[in-house]
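A.B. asks: Just so you know, we're using UniProt numbering here: the sequence shown kicks off at 1 and counts up by one. We put the beta carbon where it would ideally sit given N, CA and C, even for glycine. Here's a structure for you.
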Amino acid sequence: MARPLLPDDLWDVIAPLLPPPRPRPKGGRRPIENRAALTGILFVLRSGLPWEMLPAEMGCGCGMSCWRRLRDWQEAGVWGRLHQVLLERLHAAGEIDWSRASLDSASVPAKKRGSATGPNPTDRGKPGTKRHLITDARGTPLSFCLSGANRHDSPMLAPTLDAIPPLSSGRRGRPRRRPSKLHADKAYDARVRRQECRARGIVPRIARKGIESSEKLGRHRWVVERTHAWFNRFRRLPVRYERRADIYEAFTSLAASLITLNQIRRFC
């Protein structure tokens, strides 16, 4: 039996985060329900189909209506808050492994260019976007940032670290947002990057060029590469078709929430 696109446990988390409907003093056509719109968004995210090909028999309205809802909820901060709420649930259960985190990036082609794109030096200069990702020791996505594919990995270390939201466990004490160690490959081998880690109370474990073998550190870093593969299972993400960076960011944030939800089902 096929799994539902929008399971009840996901809807129960996201429903309280959605903004109230806009007032319609002049009346007009009744907007589609939030749950139907979210179902359409999830279908496009998972299948990779264009918005205009959203099947009408699904009852999700037209693709443009779902696109507008995705845009509006991104502007309202719904997707980022959803990811934070799910991370807090995992953290409260003690199932986020803060002992070590891993950082890596992955480039995807950007068919329509737009912001946060650049010529990809590994793809004959074609436009692309780079996804910078930090995961815990189990591969749970903690934060991500987007940049042009021509942007070097190294300067994105601090912004990606700072993008980790503060997570409250529901008990006394300050919210946590810093791992104990950070593993990264030789692309981040610079003194200033190690200083950025230490300034945040993080022990840098970055491979050194010409000194350390990547294989030894790879036994800890492989989890972030696996999480990148999890992101690419959502067929809307391996190729960026959105000209607007905020729309692609919304899709990526929603995918991070779904991966985190799978971790909750697995460990909690």
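When burial is assigned at 16 or more other CB atoms within 10 Å of the CB, is Ser147 buried or exposed?
C.D. replies: The residue given as residue 147 occupies position 147 in the sequence shown. Buried, by the Cβ-count rule.
A.B. asks: Count the other CB atoms, across all protein chains shown, that sit within 10 Å of the CB of Asp12; report buried if there are 16 or more and exposed otherwise.
C.D. replies: The residue labelled residue 12 in the question sits at position 12 within the sequence shown. Exposed: under 16 other Cβ atoms inside 10 Å.
A.B. asks: Taking all protein chains shown into account, decide if Ser253 is buried (16 or more other Cβ within 10 angstroms of its Cβ) or exposed.
C.D. replies: Counted from its first residue, the sequence shown places residue 253 at position 253. The residue in question, Ser253, is buried, as its Cβ has 16 or more Cβ neighbours within 10 Å.
A.B. asks: Opposite Lys130 in the DSSP bridges: which residues?
C.D. replies: The residue you call residue 130 lines up with position 130 of the sequence shown. Ser107, Ser147, per the DSSP bridge assignment.
A.B. asks: Please state whether the Cβ-Cβ distance between Ala184 and Leu142 is less than 9 Å.
C.D. replies: Residue 184 sits at position 184 when you count from the first residue of the sequence shown. Residue 142 sits at position 142 when you count from the first residue of the sequence shown. Taking 9 Å as the Cβ cut-off, Ala184 and Leu142 do not qualify as a contacting pair.
A.B. asks: Considering Ala255, what are the terminal residues of the alpha helix (DSSP H) in which it resides?
C.D. replies: Counting from 1 along the sequence shown, the entry for residue 255 is found at position 255. First-last of the alpha helix (DSSP H) with Ala255: 245-267.
A.B. asks: My assumption, with CB atoms under 8 Å, is that Thr122 sits in contact with Gln263. Please give the rounded CB distance.
C.D. replies: Position 122 of the sequence shown holds residue 122. Position 263 of the sequence shown holds residue 263. The pair is not a contact, with the Cβ atoms about 30 Å apart (cut-off 8 Å).
A.B. asks: Give me the residue from Ala245, Ile259, Phe251 with the minimum Cα distance to Gly118.
C.D. replies: As a first step, residue 118 must be located in the sequence shown, where it is residue number 118. Checking every option, the nearest Cα to that of Gly118 belongs to Ala245.
A.B. asks: Enumerate in chain order the residues of its own chain whose CB-to-CB distance from Ala250 is below 8 Å, with the five nearest sequence positions on each side excluded.
C.D. replies: One-based indexing of the sequence shown puts residue 250 at position 250. Excluding sequence neighbours, Ala250 sits near Leu70, Arg71, Trp73, Gln74, Trp79.
A.B. asks: Let me check one thing: in DSSP terms, what residues is Ala101 bridge-paired to?
C.D. replies: Residue 101 sits at position 101 when you count from the first residue of the sequence shown. Bridge partners of Ala101: Leu182.
A.B. asks: Does the separation of the CB atoms of Ile14 and Cys60 fall below 9 Å?
C.D. replies: Indexing the sequence shown from 1 puts residue 14 at position 14. Indexing the sequence shown from 1 puts residue 60 at position 60. No; because the gap between Cβ atoms is not below 9 Å, this pair is not in contact.
A.B. asks: Classify Leu167 as helix, strand or coil using the three-state DSSP reduction.
C.D. replies: Within the sequence shown, numbered from 1, the residue matching residue 167 stands at position 167. In this structure, Leu167 counts as strand in the three-state DSSP scheme.
A.B. asks: Please report the distance separating the alpha-carbon of Arg208 from that of Ala187.
C.D. replies: Indexing the sequence shown from 1 puts residue 208 at position 208. Indexing the sequence shown from 1 puts residue 187 at position 187. Rounded to the nearest angstrom, the two C-alpha atoms are 9 Å apart.
A.B. asks: Find out if the Cβ-Cβ distance for the pair Leu10, Asn34 is shorter than 9 Å.
C.D. replies: Residue 10 sits at position 10 when you count from the first residue of the sequence shown. Residue 34 sits at position 34 when you count from the first residue of the sequence shown. No, Cβ-Cβ distance for Leu10 and Asn34 is not below 9 Å.
A.B. asks: So, using beta-carbon positions, are Cys62 and Val44 closer together than 9 Å?
C.D. replies: On the sequence shown, residue 62 is found 62 positions in, with the first residue counted as 1. On the sequence shown, residue 44 is found 44 positions in, with the first residue counted as 1. It is not a contact, given that the beta carbons lie outside the stated cut-off.
A.B. asks: Could you pull the start and end residues of the beta strand (DSSP E) that Val239 belongs to?
C.D. replies: Residue 239 sits at position 239 when you count from the first residue of the sequence shown. First-last for Val239: undefined, no H or E at that position.
A.B. asks: Round the Cβ separation of Thr260 and His83 to the nearest angstrom and send it over; I've been treating them as touching at under 8 Å.
C.D. replies: Sequence index remark: in the sequence shown, residue 260 carries index 260 (1-based). Sequence index remark: in the sequence shown, residue 83 carries index 83 (1-based). With a Cβ gap of about 6 Å, Thr260 and His83 count as contacting.
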